[in-house]
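Participant:
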Amino acid sequence: MNLQSELNKSSLFSNLELLANQVVEGFISGIHRSPFHGFSAEFAEHKIYNNGESTKHIDWKLFAKTDKLYTKRYEEETNLRCHMILDNSASMYYPEVENLSIDSLNKIGFSVLAIAALMNVLKRQRDAVGLSIYSDSYNYYAPEKGSERHFQMLLAQLSEIGKTKNPPKETKTYTYLHQIAENIKRRSLIFLFTDMFQSEKDDAELFEALRHLKYNKHDVVLFHPMDKQHELFFNFENTPKRFIDVETGEHLDLYADNIKDAYHEQISSYITDIKMKCAQYKIKYVDIDIQSDFSTVLNTFLVERNKFL
Numbered sequence: 001m002n003l004q005s006e007l008n009k010s011s012l013f014s015n016l017e018l019l020a021n022q023v024v025e026g027f028i029s030g031i032h033r034s035p036f037h038g039f040s041a042e043f044a045e046h047k048i049y050n051n052g053e054s055t056k057h058i059d060w061k062l063f064a065k066t067d068k069l070y071t072k073r074y075e076e077e078t079n080l081r082c083h084m085i086l087d088n089s090a091s092m093y094y095p096e097v098e099n100l101s102i103d104s105l106n107k108i109g110f111s112v113l114a115i116a117a118l119m120n121v122l123k124r125q126r127d128a129v130g131l132s133i134y135s136d137s138y139n140y141y142a143p144e145k146g147s148e149r150h151f152q153m154l155l156a157q158l159s160e161i162g163k164t165k166n167p168p169k170e171t172k173t174y175t176y177l178h179q180i181a182e183n184i185k186r187r188s189l190i191f192l193f194t195d196m197f198q199s200e201k202d203d204a205e206l207f208e209a210l211r212h213l214k215y216n217k218h219d220v221v222l223f224h225p226m227d228k229q230h231e232l233f234f235n236f237e238n239t240p241k242r243f244i245d246v247e248t249g250e251h252l253d254l255y256a257d258n259i260k261d262a263y264h265e266q267i268s269s270y271i272t273d274i275k276m277k278c279a280q281y282k283i284k285y286v287d288i289d290i291q292s293d294f295s296t297v298l299n300t301f302l303v304e305r306n307k308f309l
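See the structure below:
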């Protein structure tokens, strides 16, 4: 049986755990060396053995050299706390995809699979992960935990997202990022998946909400998924088309070529502003084309994890 072929015939989200595992395994093969070493305790120092203590950690090699008894002291490796934040508004469901598969993804599909893949990595490393999902309301919140039951609960929640037929029209990114920031009390690595389109506040206030996520010394990574051929370069057939804002319902009738250059200039300027604000607030910005693979996402996770610890 061709596993890839079979997976692509079915709904992406009914096989989310299997697909996420496949993405991670492919990534490991691609870099030739596994970055996953699991939980361990690292040696810290020696101390003189005291009578009555357990002999389990006596360093017998050192005893052979010094004729003195020393025990090894270990320092437990700090487990990572990671919180995933997902924008589940209507604009994230662009472009329309009849049957999501690993070879045919929209922005929400790419983000959900990317989060599941990152969770797979965290699970292998016995790290704790939490999840927040928002749109026109704060749809879902789960604090950071590392149990198998918790991971399965989060996967089930992510799987349901892909089945949404009528996603919420509005995006209250400003409001709910502030609320999420208040919920995450302990220092964490935060991954935010959003296309940065929102209908509630202006750009300056949205950037302030991003800044709030940096409180309590959190490390923040903004994954910015786009369908670049259409959303950045405005590559559409030059025939009369009606372009409809999926969140406000406003529309324009026009020829794509008539505004292509001006559109590209405006959206590029907006993206530049996002990058500059992220740099100012020390937020890692990750530019993602949803037609690309997941290597960027996983590489970024590994880099940020090393910085965090």
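For what it's worth, full-length UniProt numbering labels the leading residue of the sequence shown as 1, then goes sequentially. Yeah, the Cβ is synthetic: ideal placement off N, Cα and C, and Gly gets one too.
In chain order, which beta strand (DSSP E) runs of at least 3 residues are fully inside the stretch 117–180?
Facilitator: Segments of the beta strand (DSSP E) lying fully in the stretch 117–180: 128–134 and 138–145.
Participant: Is the Cβ-Cβ distance between N88 and P143 less than 8 Å?
Facilitator: Going by C-beta atoms, N88 is not nearer than 8 Å to P143.
Participant: Using only the alpha-carbon positions, how far apart do A262 and I271 sit?
Facilitator: Cα-Cα distance, rounded: 14 Å.
Participant: Closer than 8 Å is the cut-off here; do at least three beta carbon pairs connect the stretch 275–292 with the stretch 205–222?
Facilitator: They touch, by the three-pair rule.
Participant: To the nearest whole angstrom, what separates the beta carbons of D227 and P95, a pair I think is in contact under 8 Å?
Facilitator: Indeed they touch by this definition, with Cβ atoms about 6 Å apart.
Participant: Which first and last residues belong to the alpha helix (DSSP H) in which H264 is found?
Facilitator: Residues A256 to Y281.
Participant: When the distance is taken between beta carbons, is T71 closer than 8 Å to I58?
Facilitator: A contact, by the Cβ cut-off of 8 Å.
Participant: Given S268, which residues of its chain have a CB within under 8 Å of its CB, disregarding the five upstream and five downstream residues?
Facilitator: Around S268: L232.
Participant: With distances taken from CA atoms, which of V303, I48, V112 and F236 is nearest D257?
Facilitator: Comparing Cα positions, the closest option is F236.
Participant: Would you list the one or two residues that DSSP bridges to H57?
Facilitator: Answer is none; H57 lacks a bridge partner.
Participant: Rounding to the nearest angstrom, what Cα-Cα distance links E265 and D273 in this structure?
Facilitator: So the two alpha carbons sit approximately 12 Å from each other.
Participant: Of all the options F197, S111, Q179 and M196, which has the alpha carbon lying nearest to the alpha carbon of S159?
Facilitator: Checking every option, the nearest Cα to that of S159 belongs to S111.
Participant: Tell me the DSSP secondary structure of I115 in three-state form.
Facilitator: I115 falls in the helix class under three-state DSSP.
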